[in-house]
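These notes concern the structure reproduced below.
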Amino acid sequence: MSQQEIKTILSKKIKEIDKILEEYLEIPSSYEKVIHEAISYSLFAEGKRIRPILMIEAYRMLNSDITGVKPFAAAIEMIHTYSLIHDDLPAMDNDDYRRGKLTNHKVYGEGIAILAGDALLNLAFETMIQGALEHNSILALQAMKVIGKAAGVKGMIGGQAIDLLSEKQELTFDTLHYIHEHKTASLITGALQAGIILSGGNSEQIERIKAFGYALGMAFQIQDDILDQIGSEEALGKAIHSDQKNGKLTYLSFESLEIAKEKVRYFSNQALESLAYFGDSAAFLIQLTNYLMNRSY
Ligand code: GRG
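Letter by letter, the sequence shown follows residues 761 to 1057 of the working numbering.
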């Protein structure tokens, strides 16, 4: 499959995710309109929707009826969007552009941006609980626990905290690895693991998807570092050299561009090896891994 063909398939899948998100976004009454507008502004800002797509496609490897995974796919994108809104705030990365648009706080002010992020995190858990109740499902509760942990102190928030504390400081390669693994790979792995849990996967399948998520997440983050150095602002929809601006060390602070590219290939190949266990059912995830390895945005 060519890059263009997979891009076309992904555009269709992104539209499906948008529809699912609309379904779970509450309709505001008059007083809530501002916060609702701020939430929608970032939620429907043309993100790649990688995490919900990964979750649904992992689920689909074992179960073709995706009804049960939909609220969780919506929730993972809500959590991801909240993290981006907060990451862009002056107290964190202080960025003006995200997904090709002004950042949330640049449009709505810091207070509303903080609340929009908080609201998305709350709505994510409310949405997952609704899913669990609708299906009266213990698997749904297990998936919620995995997602809560992946987004929390032992996952994304933990990685972000060390990232923040490490600004303008000497950082060891091990600390950078910790940041990448927790800030980026955790939520990606959590999304995939939740997909397999919800579809009734067994412990071997769960372990294989976790290995896939870790390797894919690491490849994704190193590619992110590469793009921050040599990417196009137009394609990325945000400023490049933002890590340098914030005094942050990246993979490229330790290794040459060539080695970084080699590492993306290494982790992508590891990811593909983990997928091999799932046989033909992994065809789409294989294509997606190859696509992400070569992404320019
Ligand atoms: C504020 C708790 C908290 C966490 C922030 C997401 C994040 C953690 C920071 C953003 C900075 C960054 C480079 C994180 C690494 C993960 C990553 C590559 C995020 C961007 O995800 P994409 O590329 O974004 O999937 P889109 O816009 O396509 O959804």
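C-beta atoms are modelled at their ideal positions from N, C-alpha and C, and glycine is treated no differently. Just so it is clear, the structure is predicted and the values come from calculations on it, not from any experiment.
Per-residue burial, residue i [other beta carbons within 10 Å of its own, 16 or more giving buried]
| i | result |
| --- | --- |
| isoleucine 990 | exposed |
| glutamine 764 | exposed |
| threonine 1010 | buried |
| glutamine 981 | buried |
| leucine 1048 | buried |
| threonine 827 | exposed |
| valine 913 | exposed |
| glutamine 983 | buried |
| isoleucine 898 | exposed |
| isoleucine 787 | exposed |
| glycine 869 | exposed |
| threonine 841 | buried |
| arginine 1025 | exposed |
| glycine 919 | buried |
| proline 850 | exposed |
| aspartate 1040 | exposed |
| phenylalanine 933 | exposed |
| threonine 768 | exposed |
As assigned by DSSP and simplified to three states, the class of residue i
| i | result |
| --- | --- |
| tyrosine 1026 | helix |
| arginine 1055 | coil |
| tyrosine 857 | strand |
| arginine 809 | coil |
| serine 926 | coil |
| aspartate 985 | helix |
| alanine 851 | coil |
| alanine 999 | coil |
| tyrosine 1037 | coil |
| valine 913 | coil |
| serine 802 | helix |
| glutamate 994 | helix |
| proline 788 | coil |
| glycine 950 | helix |
| leucine 822 | coil |
| methionine 761 | coil |
| glycine 973 | helix |
| threonine 768 | helix |
| threonine 932 | coil |
Cross-strand partners of residue i (DSSP beta bridge)
| i | result |
| --- | --- |
| tyrosine 1011 | Bridge partners of tyrosine 1011: none, in fact. |
| leucine 862 | Tyr857 |
Integer-rounded CB distance, given that residue j should sit under 8 Å from residue i
| i | j | result |
| --- | --- | --- |
| isoleucine 872 | isoleucine 795 | 6 Å |
| alanine 910 | glycine 950 | 3 Å |
| isoleucine 845 | glycine 877 | 4 Å |
| alanine 1031 | alanine 954 | Incorrect: roughly 18 Å between the Cβ atoms, too far for contact. |
| histidine 940 | glycine 915 | Histidine 940 to glycine 915, Cβ: 12 Å. No contact. |
| glycine 977 | threonine 944 | 5 Å |
| serine 860 | glycine 997 | Residue 860 is actually glycine in this sequence, not serine. Correct: roughly 3 Å between the Cβ atoms. |
| leucine 770 | alanine 834 | In fact, because the Cβ distance is near 18 Å, the residues do not count as touching under 8 Å. |
Proximity test, residue i beta-carbon vs ligand 2 heavy atom, cut-off 7 Å
| i | result |
| --- | --- |
| lysine 943 | This structure lacks ligand 2; the ligands present are ligand 1. |
C-beta neighbour in chain D for residue i, strict 8 Å
| i | result |
| --- | --- |
| methionine 761 | No chain D appears in the structure shown, which is made up of a single protein chain. |
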